[in-house]
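Chemist: Before I ask anything, here is the structure I am working with.
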Amino acid sequence: MSPNVVDPVAVGGHGAPSRLVFGPHETNLARGRAISDRHAAYYRRRAAGGAGVIVTETASVTANDWPYERAPLAAACPQGWEAVAKACAPWSTLVLAGLGHSGSQGSSAYSQEVMWAPSPVADVVTREPPAALDEDGIQQIVDAFGDAAVLARGSGLAGVEIDAGAWSLLRQFLSGLTNQRSDRFGQDRLLMIRLVLEEVRRRVGSDFVVALRLSCDELAPWAGITPEQATQTVAAITGWGVVDMLTVIKAGPFSTSAYRPDAHIPECFNWDLCQAVRAVAGDVPVVLQGSVVDPGRASAALEAGVCDLVEMTRALMADARLVEKLRHGRPETIRPCLLCNQACRVRDPRNPIVSCVVDPASGHEANEPALAAAADSTPADPPPGHLGDPGASGASGLEASSGPPVLVVGAGPAGLECATVLARGGRKVRVVERRQELGGTLLRAAVGPGRERLGSISEWLAAEAHRLGLAIDTGVEADAEMLSRARRDGWQVVLATGARPVADRYPAAALPVLDPLAVLGNPGALPEGPVAVIDPVGDAVAVNLAEWLATDHQRHVTLISPDPVAGTQLSRTGDLADANGRLQRAGVQRRLRSLVRSIGPESVHIEDCWTAEASEVPAAAVIDCGHRLPDEALYQAVGDPGFARAGDCVAPRSALEAVLEGRRVALRLLGWATASAQAQEATPGASTTSAATTWADRDGPRGSTGPAADPADAGPSDAGPGPILGATRR
Amino acid sequence: MSGGSRYRHLFSPLRVGSLTLRNRVVFSAHLTNYATQDGRPSEQHAAYYAARAAGGAGLIITEEHSTHPTDWPYEKLIHGFHEDVIPGYRRITEAVHAHDVPILAQINHNGGQASSMYTRLPVWAPSPVPDPLFREVPKAVEAREIAEIVAGYAKVAEHCLRGGFDGIELQCSHSSIVRGFLSPATNRRTDAYGGSLPNRARLLLEIVDAVRQAVGPRPVLGVRLCGDELIEGGTTIADAVEVARFVEATGQVDYINTSIGVATATLYMIEASMQIPPGYAMFIPSAIRQAVSLPVVGVGRFKDPLQADRALAEGQCDLVGVVRGQIADPDFTAKARSGHAEQIRTCLSCNQECVGRMGLNRWLGCIENPRTGRESVTASVAPPRARRRVVVVGGGPAGLQAAVSSAERGHHVTLLERSTRLGGQIPVAASVPSRAELLDITRNLVAAVARLGVDVRTGCAAQPATVAELRPDAVIVATGARPVRPWWAGSPDEFPSVVDVRDVLEGRAAPTGTVVVVDELGFHQATSVAELLADRGCRVEITTNGMVVGQDLGITLDLETWNVRAHARGIRQSTDLVPMGVGSGAGSPLVLTLQHHPTGTDRTVPCEWVVVAGHQQPDDELWHALNGWGLDAAIHRIGDCLAPRRAHAAVVEGHRVAVGL
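Rendered as structure tokens:
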């Protein structure tokens, strides 16, 4: 029988409890440059959920390699690695330390030192020339890899993974794009990686895992690593007998965003590449990486002999208990990764904490443990009030099912998340939705190339609501009277009524000004002729709409943006350059640095942001992708500021905020306080394990349990932590 | 003549509330990103402000302290609402008071000029109007939230007083919820806090009341107002003057500070680069000063004590904010007072390492002061164990800084420069009119070299033997870089009209007619030469392989003014183009072939000249030769001859190598 992702596997003589890998990635969870208690809580949750292998965030092996501010530094990591090893030990997860050096793809901003590389070739992103390493410099880096591996071993980890991937000096040595040396390191481009791997192996001995993450296609065939070269490289590397596991990835200096791309790139895009590499890898286990988010596809890859393990990093951010749910035969309860990259891609100078749109507890396990606990519950779980031992943490436990029933108004992500968490907590819940279908704005916006997957969280939440047996009334417009009656009858009420378009942004428009959601739902209603898409926001909405109208509906489209490039907010998802390329290939005219002045009968009058140069964009219809406003009609009608609200009806933002606030409101109604911003602040780094260590831990050791202390009573309301109507803490 | 008499107005004391300031120089509030990861003031804050106090500033105002947990727009904001900031406050105030200089704390809630990235809470603002930078729809605050905001200011003011500050400045400009309420562009309320100007100013006046009540009568209380937001429908000077009158009428405020622009919409006018003339914002304090009797602070690119003294003499303001001037030289005031103004390390207004690093969430530095941002970790240049004979080869910023820092440590320094003038590529870059102030870095360094008695030998093309003859204990090679002819440009014999930016600026080539500037660097090189050639009458197009011409000009706040100048000169800008080759055309001397990489289509451009702004290569022959020479001396390599980068890398490495000798 072919292996399943949930089956154990042997790697370098060590057992991993499943074939699922949580790969190394930037988190910004470090304190200074050290792997932290926050990392430990983050990895622990994935270990508890059944991940087979965890590779910690790549640590630089030398101090002058400092690619981003919170990039771990191996010399500062032993304590943090030890904490991670201990945190994951109960589940026998194979934990490897990611080790790397980013070479010319680093930064001089933090180190204030020159970057070092095989050759003085400036990185295409920073455009900063590095200095070429000499033999001494190379030897120091080889030694540093060995030193770092010894530290990892001393910290109780099972092994290391050496990075020759998207941002790596070792890949730069392998590639003709970046290695233009004429010495022995240029004549034999594999020499550097060989020296490093052999040194690491020599220093750590044979019973310690040495894994390798290797770019096998730089997507720059004129001089970069090609799949053909990569198979030769892999055959050579596996022949040296020093590598225990190999992860096949695709990325180069021109294509770092191809490493973990968003949904514009098909799932499992490394399938063929990985298969070809495995064929020459001998008995070294090979890991398939690359937008693998569906467990069914992962199993199919194992069955087809594409790989021995599967890396599903983003899927494990979306649902930390993925493996466990598969083991229990409940794949339908797995929260789907959207491949949206909105919150998980954090190589960003602002140092955002890694998180996930569908599970905003991700990355915040240490600070908001209750959020994680709520995500990790399933209908089969007993409610939290039963899980903890209320007696053990004083009398603060809540008999979850004892609270009043809850009426949730609105069935978008905020309302459904709130309703399902409440239901899992034992509350009777009724959801009313004015539209005929569940899912809210997000589902309606999930149209067009690369966008379909976005709706899967709405669909999942709707299915979850049905599984939980919630009373759901669609096509019902709640009014003030309904809410008053509900409250008289002892119900608690949550408003999640979403956002509305701004109707009068262009009051004097001589052309129809349409809402993008309306166009996505019914493109046929768009008048004939050229279309102007006004995009003051710069997120995926307008870019997607323009591309979709041009490609799928053969419309002549102009995108009007105040920015120097279209879709500026897409830098976060990695799609910025690709999106501008797609727009141009689709024939979309981009009118950049432009402000709309007026809308005439046949054109939109625009002006250059800086020079005020006026021009016209021919149009028969205008689509206004500007910000939406909160739908507060019901809130204002009831006139009670104490009403619990979540998501866009507080302020229209992304799905992450909707899910986060829906969950927070539910937890508050259940009497399960979430840590407030103040509370996180008050105890930086405090690992409040009290609530997080409950539901996911049934197969492992118990932490102390019971609701976290509620620090939030003085906090702001409206989906932020704070007092809430009818919250009956006892 | 001592500075005290030379700058009579600058050095006359002034009473501000309960404080008497010994001079009129204010180190006014600015972000530093020195706060710890969890929003606490750091040792670096204390060392940084103390250095400016030691340098004689009349008054220091710290960067903002946040008044409420809903306010966290950038990572390293001081969370003043936490009581445990107080020990850090004490460390700052004690360090500054040791120099007998008063220090105020600026307190603020940024309002809608923020995102929920760090708070994971809705952003608060007067109305649901998204900020043009953050683009997140805020939540319109309700009555109880307004009360919370006011209470937050009072609480943080009280923390500041317990932390030893001499008073409080309320930030009501740049980026502030108070600014948001004052401005018709962001306040669309229909309640008592919106509509008329008195209504829009209500929050400010409530905060003034609450803060004064919290701190008592003695501490100084100031209000910083924006005189012109430079945005459509925003606050203009008439409103600002009226608000200043309201503020004075409370009888609770001791001074008014001023500003121009909105941090998230018109930042390039707040932290003006060298493209904006000095004194550009002085119409604001001038107008306010005529309306109120409170002391008024004026700001805006004051680089020189003379400028500041003149603004005071002309009655434009009562105090002068000098921020970047004191970032570059903490001793700005002391040098002016002691009659050594010519020794001031004059700010360039280049914005590369101060403003440019702020926007990228990095600690504040300075292109020409390697100690800025490192005050707490680097002791000032310590005397060496032994006095050594140091030979520096190359008189660009790297070599000059190495010579200065080495000489300051007492070493015997000889500087060899092959050309007849010092400064390396700086005078070349500064030869373009709009970049002229860049030359100040050379002037400052050359003056320092002369003052410190460095043996400077220009016109000396150093060979290993030349260096060896000087019997050095240490050699610092700072020989710079030279242009590289790109692969696609053919040979210089075949295509002599394909040249480098340096060929044009150094006078070896004089393009005329139709010129294509190919930008591979994204900084000032291409835009400078384009502007110069357009001024000489050329028809100029700039092409870049990036998505924006002059991409990094955005970081230094030069992109807006560049676009205005380019438009005025008819310079065409084309993006996403990769040069593929040049050839000879029929009817034009040159044809440049460019590939539009998103679509893979080729474009051919007939032209007379192609000017390349490309990466250079290290001029490191001497370094290699010296390493093979068998000198009994340490040989160091710094700046562009290590890797051709921007001036800051040269300065940092010059200083570092000298400190290590």
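So the protein lines, in turn, are chains L and H. Read in my numbering, the first sequence has 75 at position 75, and its numbers run on one by one without any break. Read in my numbering, the second sequence has 1477 at position 477, and its numbers run on one by one without any break. We put the beta carbon where it would ideally sit given N, CA and C, even for glycine.
Which residues, taken in chain order from the region 1564–1592 of chain H, show a beta carbon closer than 7 Å to some beta carbon of chain L?
Modeler: Correct list: Val1564 and His1567.
Chemist: Label Val1377 of chain H either buried or exposed according to how many other C-beta atoms from any shown protein chain fall within 10 Å of its C-beta, with 16 as the threshold for buried.
Modeler: Exposed: under 16 other Cβ atoms inside 10 Å.
Chemist: Against Ser108 of chain L, what residues of chain H qualify as contacts under a CB-to-CB distance less than 8 Å, listed in chain order?
Modeler: Going along chain H in sequence order, the residues near Ser108 of chain L (Cβ under 8 Å) are Arg1645 and Ala1649.
Chemist: For His364 of chain L, name the three-state secondary structure that DSSP assigns.
Modeler: The answer is coil: DSSP assigns His364 of chain L none of H, G, I, E or B.
Chemist: So, for Arg444 of chain L: in the same chain, excluding its five sequence neighbours on each side, which residues have a beta-carbon less than 7 Å away from its beta-carbon?
Modeler: Here the set comprises Leu517, Leu520 and Gly521.
Chemist: Got a sec, what are the start and stop residues for the beta strand (DSSP E) His1065 of chain H sits in?
Modeler: Residues Leu1059 to Ser1066.
Chemist: Note down the Cα distance separating Pro1128 of chain H from Val1137 of chain H, rounded to an integer number of angstroms.
Modeler: So the alpha carbons of these two residues sit roughly 6 Å apart.
Chemist: Rounded to the nearest angstrom, what separates Trp1100 of chain H and Ala1053 of chain H at their Cα positions?
Modeler: Residue identity check: residue 1100 of chain H is Asp in the sequence provided, not Trp. Those two C-alpha atoms are separated by around 8 Å.
Chemist: Which whole-angstrom value describes the C-beta separation of Trp1562 of chain H and Thr1527 of chain H, a residue pair presumed to lie in contact below a C-beta threshold of 8 Å?
Modeler: Indeed, because the Cβ distance is near 5 Å, the residues count as touching under 8 Å.
Chemist: For Gly425 of chain L, does the three-state DSSP call read helix, strand or coil?
Modeler: Three-state DSSP puts Gly425 of chain L in coil, outside helix and strand.
Chemist: Which ranges would you report for the beta strand (DSSP E) in the region 1564–1647 of chain H if only whole runs of at least 3 residues count?
Modeler: Listed in chain order, the complete beta strand (DSSP E) runs (minimum 3 residues) inside the region 1564–1647 of chain H are 1572–1574, 1577–1583, 1590–1596, 1601–1607, 1609–1613, 1616–1618 and 1634–1637.
Chemist: Anyone know if the C-beta pair for Trp66 of chain L and Ile35 of chain L falls short of 8 Å?
Modeler: No, they are not a contact pair.
Chemist: Suppose the cutoff is 6 Å on Cβ atoms and the five residues either side in sequence are ignored; what does the same chain contact list for Gly23 of chain L look like?
Modeler: For Gly23 of chain L, where only same-chain residues beyond five positions count, the Cβ hits under 6 Å are Val55, Glu311 and Thr313.
Chemist: From which residue to which residue does the alpha helix (DSSP H) around Tyr1255 of chain H run?
Modeler: Careful: Tyr1255 of chain H lies outside any alpha helix (DSSP H), inside the beta strand (DSSP E) at Tyr1255 to Ser1259.
Chemist: Is the beta carbon of Arg297 of chain L closer than 8 Å to that of Glu332 of chain L?
Modeler: No. Outside cutoff.
Chemist: Can you tell which of L:Pro512, L:Pro413, L:Glu464 and L:Gln569 has its C-alpha closest to the C-alpha of Arg497 of chain L?
Modeler: According to the sequence provided, residue 497 of chain L is Thr. The question's Arg does not apply to it. With distances taken between Cα atoms, Thr497 of chain L lies closest to L:Pro413.
Chemist: State the Cα-Cα distance for the pair Thr1514 of chain H and Thr1266 of chain H, rounded to the nearest angstrom.
Modeler: Those two C-alpha atoms are separated by around 34 Å.
Chemist: Can you check DSSP and say which residues form a bridge with Met1274 of chain H?
Modeler: Paired residue(s): none; Met1274 of chain H is not in a bridge.
Chemist: Would Val1156 of chain H and Ile1149 of chain H qualify as a contact pair, given that the criterion is a beta-carbon distance under 8 Å?
Modeler: It is not a contact, given that the beta carbons lie outside the stated cut-off.
Chemist: What do you reckon, are the CB atoms on Tyr1049 of chain H and Ala1095 of chain H nearer than 8 Å?
Modeler: Yes, Cβ-Cβ distance for Tyr1049 of chain H and Ala1095 of chain H is below 8 Å.
Chemist: Which residues, taken in chain order from the region 1521–1540 of chain H, show a beta carbon closer than 7 Å to some beta carbon of chain L?
Modeler: Going along the region 1521–1540 of chain H in chain order, one finds Leu1521 and Gly1522 with a Cβ nearer than 7 Å to chain L.
Chemist: Which of the three DSSP states, helix, strand or coil, is assigned to Gln1171 of chain H?
Modeler: Note: Gln1171 of chain H maps to strand in three-state DSSP.
Chemist: Which residues in the same chain have their Cβ closer than 7 Å to the Cβ of Thr1036 of chain H, if we skip the five residues on either side of it in sequence?
Modeler: Cβ neighbours of Thr1036 of chain H beyond the five flanking positions: Ser1042.
Chemist: Which value, in whole angstroms, describes the spacing of the CA atoms of Glu657 of chain L and Val596 of chain L?
Modeler: Taking the straight line from one Cα to the other gives about 30 Å.
Chemist: Which of the three DSSP states is assigned to Leu29 of chain L in this structure?
Modeler: Coil, per DSSP.
Chemist: Helix, strand or coil for Ile1127 of chain H, going by three-state DSSP, please let me know.
Modeler: Note that residue 1127 of chain H corresponds to Ser in the displayed sequence, not to Ile. Coil.
Chemist: Using the three-state DSSP reduction, which class does Val310 of chain L fall into: helix, strand or coil?
Modeler: If DSSP states are grouped into helix, strand and coil, Val310 of chain L belongs with the strands.
Chemist: When you compare only the Cα positions, how much space is there between Thr1235 of chain H and Phe1246 of chain H?
Modeler: Cα to Cα, the separation comes out at about 15 Å.
Chemist: Measuring only between beta-carbons, confirm whether Gln1595 of chain H sits less than 8 Å from chain L.
Modeler: Chain L contact via Cβ: absent.
Chemist: What is the residue span of the beta strand (DSSP E) that Arg1482 of chain H lies within?
Modeler: Segment Ala1481 to Pro1483, the beta strand (DSSP E) holding Arg1482 of chain H.
Chemist: Beta-carbon within less than 6 Å of Arg1645 of chain H's beta-carbon, same chain only, minus the 5 sequence neighbours each way: which residues are those?
Modeler: Nothing meets the Cβ criterion.
Chemist: Just reading off the alpha helix (DSSP H) that Gln1044 of chain H is part of, what are its end residues?
Modeler: Looking at the DSSP string, the run of the alpha helix (DSSP H) that includes Gln1044 of chain H is Glu1043 to Ala1054.
Chemist: Start and end of the beta strand (DSSP E) containing Gly98 of chain L?
Modeler: Segment Leu94 to Gly100, the beta strand (DSSP E) holding Gly98 of chain L.
Chemist: Along chain L, in chain order, which residues have C-beta atoms closer than 7 Å to that of Gln1106 of chain H?
Modeler: Simply none; closest approach about 20 Å.
Chemist: Which residues in chain H have a C-beta closer than 9 Å to the C-beta of Gln584 of chain L? List them in chain order.
Modeler: Ordered by position in chain H, the residues that pass the 9 Å Cβ test against Gln584 of chain L are Asp1576, His1596, Pro1598 and Thr1599.
Chemist: So what's Phe1332 of chain H in DSSP terms, helix, strand or just coil?
Modeler: Helix.
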